[in-house]
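Have a look at the structure below before the remarks.
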Amino acid sequence: MVVAYGPAAIILALPLEFTSRLFGQPLSRWLTALVSLAFAYLLLTRRRTLVWPRRMSALVLGVFVLSAIGSWLLTRAPGSYKVAVDIATYPVIALVLMNLLLTAQQQRRAWTAFLVSGLAVALIGIVLYATHLTIWAPNPAVVHRLNITFADPNITARFLTLCAVAAVMLYAARQSPAWLCAATASTCALVVPMTWSRSGLALFMVALVVAFVVSANRRRAAALIACSLLIFVASTTINPDTRGRAISAGQTLITAVTGTAHNVSTPAASKVGDNQDTFALQDNRRYLIAAATKMFLDHPIVGVGFGGYQHQLVTNYRRFIPTNNPKPDTVSHTAFVTIAAEQGVIGILLMLAFLVALAWEALRSRRNVLAIVAATVIVPIVLYSQFEARLLEEPYLWVCLALFYGAIQGRRLLRVGSHTI
Numbered sequence: 005m006v007v008a009y010g011p012a013a014i015i016l017a018l019p020l021e022f023t024s025r026l027f028g029q030p031l032s033r034w035l036t037a038l039v040s041l042a043f044a045y046l047l048l049t050r051r052r053t054l055v056w057p058r059r060m061s062a063l064v065l066g067v068f069v070l071s072a073i074g075s076w077l078l079t080r081a082p083g084s085y086k087v088a089v090d091i092a093t094y095p096v097i098a099l100v101l102m103n104l105l106l107t108a109q110q111q112r113r114a115w116t117a118f119l120v121s122g123l124a125v126a127l128i129g130i131v132l133y134a135t136h137l138t139i140w141a142p143n144p145a146v147v148h149r150l151n152i153t154f155a156d157p158n159i160t161a162r163f164l165t166l167c168a169v170a171a172v173m174l175y176a177a178r179q180s181p182a183w184l185c186a187a188t189a190s191t192c193a194l195v196v197p198m199t200w201s202r203s204g205l206a207l208f209m210v211a212l213v214v215a216f217v218v219s220a221n222r223r224r225a226a227a228l229i230a231c232s233l234l235i236f237v238a239s240t241t242i243n244p245d246t247r248g249r250a251i252s253a254g255q256t257l258i259t260a261v262t263g264t265a266h267n268v269s270t271p272a273a274s275k276v277g278d279n280q281d282t283f284a285l286q287d288n289r290r291y292l293i294a295a296a297t298k299m300f301l302d303h304p305i306v307g308v309g310f311g312g313y314q315h316q317l318v319t320n321y322r323r324f325i326p327t328n329n330p331k332p333d334t335v336s337h338t339a340f341v342t343i344a345a346e347q348g349v350i351g352i353l354l355m356l357a358f359l360v361a362l363a364w365e366a367l368r369s370r371r372n373v374l375a376i377v378a379a380t381v382i383v384p385i386v387l388y389s390q391f392e393a394r395l396l397e398e399p400y401l402w403v404c405l406a407l408f409y410g411a412i413q414g415r416r417l418l419r420v421g422s423h424t425i
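So, in structure tokens, the structure goes:
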């Protein structure tokens with residue numbers, strides 16, 4: 005029972021980041037530990053056999069992870085222990101989940117849980133917005149923005165975008181209840197602008213276009229996308245605050261390439277008289293990317309060490325931090341830039357090779373609808389990570405990889421008849 009329904013329970017609990025204050029760790033991590041122990045028990049009693057993802061992308065990703073761990077062991081920069089633990093444990097968790105998501109029934113149960121979690125978070129967001137209440141506000145800089153159950157409103161916008169993409173594709177392929185898909189996509193479209201996330205305002209529409217292109221039934225996908233975009237535009241334009249944020253959303257797209265757009269993370273001052281932030285439009289990414297570029301040029305082959313960007317910025321590369329900013333941002337927001345700075349040419353080439361191999365495998369598996377859904381949801385994760393980081397540290401990346409490899413490997417095992425679920 006634990007391994008049968010555990011993956012769905014984990015997915016339902018993933019958005020509940022605020023539970024870390026109640027249980028010491030987010031609830032999803034405790035559930036993951038329980039499910040992993042149950043799966044280990046089944047392995048020890050030989051009621052299950054361990055299945056490995058036999059794909060080139062998985063092999064390249066494994067090499068990248070080993071390279072990152074080796075890089076960290078050689079440097080062990082202060083403050084990098086959390087990301088080191090993440091990169092070491094997330095692949096193992098993904099492997100466990102993949103082994104528990106090998107049948108179409110298990111996959112559909114997981115995707116249903118994913119849609120339900122998105123719908124629930126969006127509905128809670130509507131209530132919080134209407135009542136001016138909050139579940140938690142861990143960062144004073146985002147206290148006036150809608151983060152709902154997440155610590156960061158930008159991550160909230162990313163999560164809702166992922167749910168909307170999944171809803172559109174599952175609706176088009178008739179793999180989930182139509183009412184659930186429609187409700188999830190619509191409510192996510194309504195709430196994303198309430199997060200005041202410039203990256204969310206820019207990438208929500210981009211992600212839906214990607215979903216339309218790869219959907220199994222584009223006519224059905226177009227119908228739901230049209231309704232969702234209508235709600236999204238109305239929610240953005242009616243609210244003066246979100247309308248102001250939308251003006252600069254286009255500049256957000258330029259940030260990943262040039263580093264010259266406005267700061268995505270810092271909220272604009274509210275119309276109700278909140279204190280003006282002198283540095284609300286300070287371009288943090290300009291110096292963050294400049295410092296990362298210098299790190300890469302100084303250490304082009306292996307970088308400064310996995311997880312070492314922030315420590316290097318506040319020590320050896322402190323000259324890049326503006327002296328007129330009393331609260332400078334020292335965390336890189338651009339995933340590829342961070343990888344290049346921390347792991348050099350080796351790291352960035354391995355990451356690009358992984359993404360190319362994954363795209364090729366998804367293209368070859370285009371008739372496997374559930375695999376295509378998982379691969380497509382990874383696209384906005386990669387796009388968002390160029391504005392708000394959290395690529396390798398994004399739990400949903402590893403959940404989607406587990407679903408992708410599970411869909412492919414499960415079909416292969418079913419075809420050759422070598423495994424019994």
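Quick note: the sequence shown uses this note's numbering, first residue 5, plus one each step. The beta carbon of each residue, even a glycine, is placed where N, CA and C say it ideally should be.
For glutamate 365, the uninterrupted alpha helix (DSSP H) run begins and ends at 339-368, by DSSP.
Residue range 288-302 is occupied by the alpha helix (DSSP H) that includes asparagine 288. Ranked by Cα distance from asparagine 151, the first of Ile128, Ala171, Met173, Leu166 is Ile128. For a cut-off of 8 angstroms, the C-beta gap from alanine 294 to tyrosine 313 is around 13 angstroms, too long to register as a contact. A direct Cα-to-Cα measurement between phenylalanine 216 and alanine 339 gives close to 26 angstroms.
Burial state of arginine 394 is buried, judged by a 10 Å Cβ sphere holding 16 or more other Cβ atoms. Cβ-Cβ distances below 6 angstroms link threonine 334 to Gln314, Leu317, Val318 in the same chain, with the five nearest sequence neighbours on each side left out; the list follows chain order.
Per DSSP, asparagine 158 is one residue of the alpha helix (DSSP H) stretching across 157-176. Residue burial is scored here from C-beta neighbours: glutamine 413 has at least 16 other C-beta atoms within 10 angstroms and is therefore classed as buried. Collapsing the DSSP output to three states places alanine 250 in a helix. Per DSSP, glutamate 392 is one residue of the alpha helix (DSSP H) stretching across 373-392. In this structure, DSSP gives serine 232 a helical state, which the three-state scheme calls helix.
By the Cβ test, the region 358-370 is in contact with the region 60-73, since at least three Cβ pairs between them sit closer than 8 angstroms. For tyrosine 85, the secondary structure class from DSSP, reduced to helix, strand or coil, is helix.
Between tryptophan 76 and phenylalanine 300, the C-beta gap is not smaller than 8 angstroms, which leaves the two residues out of contact. Check the Cα spacing between tryptophan 200 and each of Glu397, Arg247, Ile305: the tightest is with Arg247.
A Cβ-Cβ separation of about 6 angstroms places isoleucine 305 in contact with valine 349 under the 8 angstroms criterion.
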